[in-house]
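Q: For reference, the structure I am asking about is given below.
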Amino acid sequence: MPAEWTKVNRLVSAGGQIRVRSPEAREVVAAWFQETKDLSLILSRQTETTVVEKIKKSLVKDVAARESHILGRLRDSNVLDAVFSIPNAASDLIVLVDLPRRTLEVGMALKAPTDKKSTKARLNWLLRQISTTETADLHVRLMWPGRSEETQFSIDALLDDVEIANEGKEGLQVLSCFLFTAKRLGARFTQQTNFIKDLEAVVPSFYREVGQDLSAWHPPAARIKTDRETAEDVSVDGLEEASEE
83 MPAEWTKVNR
93 LVSAGGQIRV
103 RSPEAREVVA
113 AWFQETKDLS
123 LILSRQTETT
133 VVEKIKKSLV
143 KDVAARESHI
153 LGRLRDSNVL
163 DAVFSIPNAA
173 SDLIVLVDLP
183 RRTLEVGMAL
193 KAPTDKKSTK
203 ARLNWLLRQI
213 STTETADLHV
223 RLMWPGRSEE
233 TQFSIDALLD
243 DVEIANEGKE
253 GLQVLSCFLF
263 TAKRLGARFT
273 QQTNFIKDLE
283 AVVPSFYREV
293 GQDLSAWHPP
303 AARIKTDRET
313 AEDVSVDGLE
323 EASEE
């Protein structure tokens, strides 16, 4: 990252607001564009596939509009983010750089299996997919129906007692899960070289240790009913007879 990265972090730490027109912010965004390209290349080489960053269609060919969009995110939320599409992965890989917390978040979102009726069963479906034993920095954010607020737990806590996810959510079933690692970098976050070094280590590490083992849930294939196994069973006469029984 450029020298401006340190300056922008100092501003945020002091409670200041990033101005979208500031030269420092523009330099940081330009460097972020290059870094997301580098991450795509790193992941592509590691997986021997073509990993691409997902960008809104309206921004793909309009560099100025994309820069304005990222600058707006940086000003309003003090974050930089990117989404990567990896062939045949369970979902997109999401990267978030949180300046106030000096933290890197890398994760993937999965819809909960609707053939499982309880939150406990749905979360156990997810937990069984986590093969790594290095779970200290792993967390899951749970999304619920309607206006019910999302909740968040460490994976270690859920492995100890998955029932804690039901507290305050009785009668509800979790709809989706965002499984992620959160790496707090401290002073290294603001350092030009160390930030990039850590980012390029954490992103592939999450995918290798967690993401590549995840599977998206798909509804089971429709099955032929036992009373409709032959063509005669589903003929007009056959259906009429069945309805009369």
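So in this note's numbering, spot 90 of the sequence shown is number 172, and the numbers just go up one at a time. Note that beta-carbon positions come from the ideal geometry of N, C-alpha and C, so glycine has one too. On a predicted model such as this, the values are computed, not experimentally measured, just so you know.
(1) Does the beta-carbon of Val145 have 16 or more other beta-carbons within 10 angstroms, so that it is buried, or is it exposed?
(2) Would you give the residue range spanned by the alpha helix (DSSP H) that Lys139 belongs to?
(3) Sorted by chain position, which residues of the same chain lie with C-beta nearer than 8 Å to Gln273's C-beta, five sequence neighbours on each side aside?
(4) In angstroms, rounded to a whole number, what distance separates the CA positions of Val222 and Gln211?
(5) Pull up the distance between the alpha-carbon of Ala157 and that of Ser213, whole angstroms please.
(6) Look up Ala146 in the DSSP assignment and give the residues it is bridged to.
(7) Put Val256 into one of helix, strand or coil per three-state DSSP.
(8) Taking all protein chains shown into account, decide if Gly293 is buried (16 or more other Cβ within 10 angstroms of its Cβ) or exposed.
(9) Shorter than 7 Å, the distance from the beta carbon of Ala298 to the closest heavy atom of the ligand FMN, or not?
(10) Do the segment 230-241 and the segment 183-197 meet, that is, are 3 or more Cβ pairs less than 8 Å apart?
(11) Cys259 to Phe166, Cα distance in whole Å?
(12) Contact check, Thr131 vs Ile168 under 8 Å by CB: the rounded distance?
(13) For Ala203, which three-state DSSP category applies?
(14) Less than 8 Å between the CB atoms is what I'm expecting for Ala113 and Leu153, so what's the real figure, rounded?
A: According to the structure shown:
(1) exposed
(2) 139-142
(3) Thr88
(4) 13 Å
(5) The sequence given here has Arg at residue 157, not Ala. Each residue's alpha carbon lies about 38 Å from the other.
(6) According to DSSP, Ala146 bridges with nothing at all.
(7) coil
(8) buried
(9) Only the bare structure without any ligand can be found here, which leaves the ligand FMN out of the picture.
(10) no
(11) 18 Å
(12) 7 Å
(13) helix
(14) Going by Cβ atoms, the distance from Ala113 to Leu153 rounds to 13 Å, so no, they are not a contact pair.
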